[in-house]
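Chains as they are written, first to last, in the numbering used here: chain A, 916 to 1371; chain B, 465 to 512.
Input: a single structure, listed below in structure tokens.
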Amino acid sequence: MIHRYQLGGLNIVLDIFSGSVHVVDEVAYDMIGLYGELEREELLNTLTERYPRTSREELEEGYGQIGQLRAAGKLFTPDTFAPMAGQLKEKTSGVVKALCLHVAHSCNLNCSYCFASQGRYQGKSALMSFEVGKQALDFLMENSHGRRNLEVDFFGGEPLMNFDVVKQLVAYARSREKEMGKNFRFTLTTNGVLIDEDVIDFANREMSNVVLSLDGRKEVHDRYRVDYAGKGSWEKIVPKFQQLVKARGNRGYYMRGTFTHANPDFLKDIEQMLELGFTELSMEPVVCAPDAPSALTREDLPIVLEQYEKLAELMLRRHREGRPFTFYHYMIDLKGGPCIYKRVSGCGSGTEYMAVTPQGELYPCHQFVGEEGFKLGDVWNGVSNTAVQSEFAACNVYSRPECADCWAKLYCSGGCAANAYHATGHITGTYAYGCELFRKRMECAIMLEAAKALDE
Amino acid sequence: MTIKTLETKNLCESAKKGGCGECQTSCQSACKTSCGIANQQCENKQEK
């Protein structure tokens, strides 16, 4: 499968099943599009007519070059992965390597667009006890088998509302990781309200990543991210985030925003983040019911797609000026990215990755928490709902019929099961709107890498 | 006529040695609301 597109002044050809990326001129772009559709002579005649300034000899040479790339497995590579898709995912069967610990089903902000219904996930407010968290960490260590790197995200609600337990759990994990041959990587996702020097010291010592929620412009952020009195949180949290990031040095963080129907022009919010001094950025489309006021509409789509292109242009400009910044969805390592196993298997929700509620229940991921039918089991007894887990285990990019003809399938691995479920009622469905955004993001990400490679 | 081929990971080759599972869980790092695996780093020491 081939995907051809033009962006940023470049003609780009992707060979989907080898992962190859080619940057070509207009004639080659056209020739690759016709290759296989027309016989050699007919193709050359067509292009001779279309491009009178290109000699026949040159066209013949180009035709030969395409044939060589095909023979070398870099163009028109056939799909050999479909038959092994199930086996690839089977490789990690029974291994848990990441947990999202919902240490607080409670929040000190009252954001109406929150997918977790103000942190309570359709339930009652609750904090995770140390005992439950410790059992979750034991469950993870015991079920991670040969896996060394284990990930734990402190999530909520607002995890800093249960900061003492977070600290105790990190101390417990650190006390066990050597003897167990494990390496814990912790992440903290926070709205920032409770950040103080103690939190900063702790986070910078123990967290390999910190995800900080900021929507960008003050008026955008304060539209949804308000306290229970309805007061916006922007002024309170921005100085705290700046202090934390400054103290963090080179350690990882993401300034993570959400864009909604109220700000499909989210590039302005990214520019605001840059003006505030942040350079590691993520901006996500809102996840909510389609009839919610914040939901992105069909009318928003062309605006959002254009914003992604303009964002790529801004990133390239700043890269060339020596003032680069990172956008989470445009990070792509063409030389060292994920192997085919990962590309087929996806996020691992319900198998490698699970969410733990304050009561110790296991769910396939944080977005399924509160959906009773998806409860997998608990941290004491492990997974008991093997029927649901089997559905997640069988989920891979080849199990989604809508992905069959999509060029982006090995970049997204079939998308988010929760988004698919909420959009279609099935975890093997697809969230078509999200797919459109994803494809644009990938085109932009690859164009950026191609432009940088050509600069070198 | 020009075709520039960028240096990329060979996916077909990775089918032989991949699947160690040491890489990050995709959703865990920042997004939490969408799946994309293209931006994950490979952590397979044997493969490199």
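By construction, the Cβ of each residue, glycine as well, lies at the ideal position given by its N, Cα and C atoms.
Using a C-beta cut-off of 8 angstroms, the stretch 1054-1071 of chain A makes no contact with the stretch 1229-1236 of chain A, since fewer than three inter-stretch Cβ pairs fall below that distance. In the three-state reduction of the DSSP assignment, Thr1301/A falls in the helix class, which pools H, G and I. Here Ala1162/A is near Asn1119/A, since their CB atoms are less than 7 angstroms apart.
Segment contact: the stretch 1220-1230 of chain A against the stretch 1283-1301 of chain A, fewer than three CB-CB distances shorter than 8 angstroms; contact not assigned. Taking 8 angstroms as the upper bound for CB-CB distance, Ala1366/A and Leu949/A are not in contact here, some 26 angstroms apart.
Secondary structure note for Gly1172/A: its beta strand (DSSP E) is the uninterrupted segment Gly1167 to Phe1174. Counted as a single uninterrupted DSSP element, the stretch harbouring Tyr1348/A is not any beta strand (DSSP E) but the alpha helix (DSSP H) occupying residues Ala1347 to Asp1370.
Distance from the CA of Arg1138/A to the CA of Gln921/A, rounded to the nearest whole angstrom, comes to 37 angstroms.
Restricting attention to Thr969/A, Ala1000/A and Arg965/A, the CA atom closest to the CA of Ser1328/A is found in Ala1000/A. Of the other Cβ atoms in all chains shown, 16 or more fall within 10 Å of the Cβ of Asn1311/A; this residue is therefore buried. When Cβ-Cβ separations below 7 angstroms define contact, Cys1310/A makes no contact with chain B. When secondary structure is reduced to three states using DSSP, Asp1111/A falls in the coil class, being assigned neither helix nor strand. CA-to-CA, the gap between Met1188/A and Ser1128/A works out to about 11 angstroms. A contact is defined here as three or more CB-CB pairs under 8 angstroms, and the stretch 1262-1273 of chain A meets this definition with respect to the stretch 1014-1028 of chain A. In its chain, beyond the 5 residues on either side, Leu990 have a beta carbon closer than 6 angstroms to the beta carbon of Leu984/A.
Taking CB atoms only, Lys468/B has a neighbour in chain A less than 7 angstroms away.
Contact annotation, Ala502/B with Ile1185/A: C-beta distance approximately 20 angstroms; criterion of less than 8 angstroms not satisfied. Using a Cβ-Cβ cut-off of 7 angstroms, Asp945/A does not count as an interface residue toward chain B, since no Cβ of chain B sits closer than that to its own. For the set Ala1333/A, Pro1217/A, Pro1253/A and Glu1287/A, the Cα lying nearest the Cα of Leu1352/A is the one of Pro1217/A. In summary, Tyr1143/A is exposed, with fewer than 16 beta-carbon neighbours lying within 10 Å of its beta-carbon over all protein chains present.
Shown in chain order are the members of the stretch 1220-1247 of chain A whose Cβ falls below 7 angstroms from a Cβ of chain B: Tyr1243, His1244, Met1246 and Ile1247. The three-state reading of DSSP puts Tyr1243/A in helix, counting H, G and I together. For Tyr966/A, the secondary structure class from DSSP, reduced to helix, strand or coil, is coil. Counting along the chain, no beta strand (DSSP E) covers Asp1184/A; the unbroken alpha helix (DSSP H) around it starts and ends at Leu1182 to Glu1190. Contact between Cys491/B and Cys1254/A is absent: CB atoms are separated by about 18 angstroms, not below the 8 angstroms threshold. Counting every other CB atom within 10 Å of its CB across the protein chains shown gives Asp1113/A a total below 16, marking it as exposed.
Interface residue (Cβ-Cβ distance to chain A less than 7 angstroms): Lys480/B is not classified as such. DSSP places Asn503/B outside both helix and strand once states are collapsed to three, so it counts as coil.
Straight-line measurement puts the Cα of Gln1033/A at about 6 angstroms from the Cα of Cys1026/A. Within the DSSP secondary-structure output, Asp1068/A pairs in a beta bridge with Cys1015/A and Thr1102/A. Per DSSP, the continuous beta strand (DSSP E) segment holding Asp930/A begins and ends at Leu925 to Asp930.
In the DSSP secondary-structure assignment, Met1198/A is bridged to Gly1172/A. Each of Lys496/B, Glu486/B, Cys484/B and Gly483/B was checked against the Cα of Asp1068/A, and the nearest Cα belongs to Lys496/B. Proximity of chain B to Glu1267/A at the Cβ level (cut-off 9 angstroms) is accounted for by Gly485 and Thr489, in chain order. Looking from the CA of Gly1061/A, the closest CA among Cys1029/A, Met1043/A and Lys1006/A belongs to Lys1006/A.
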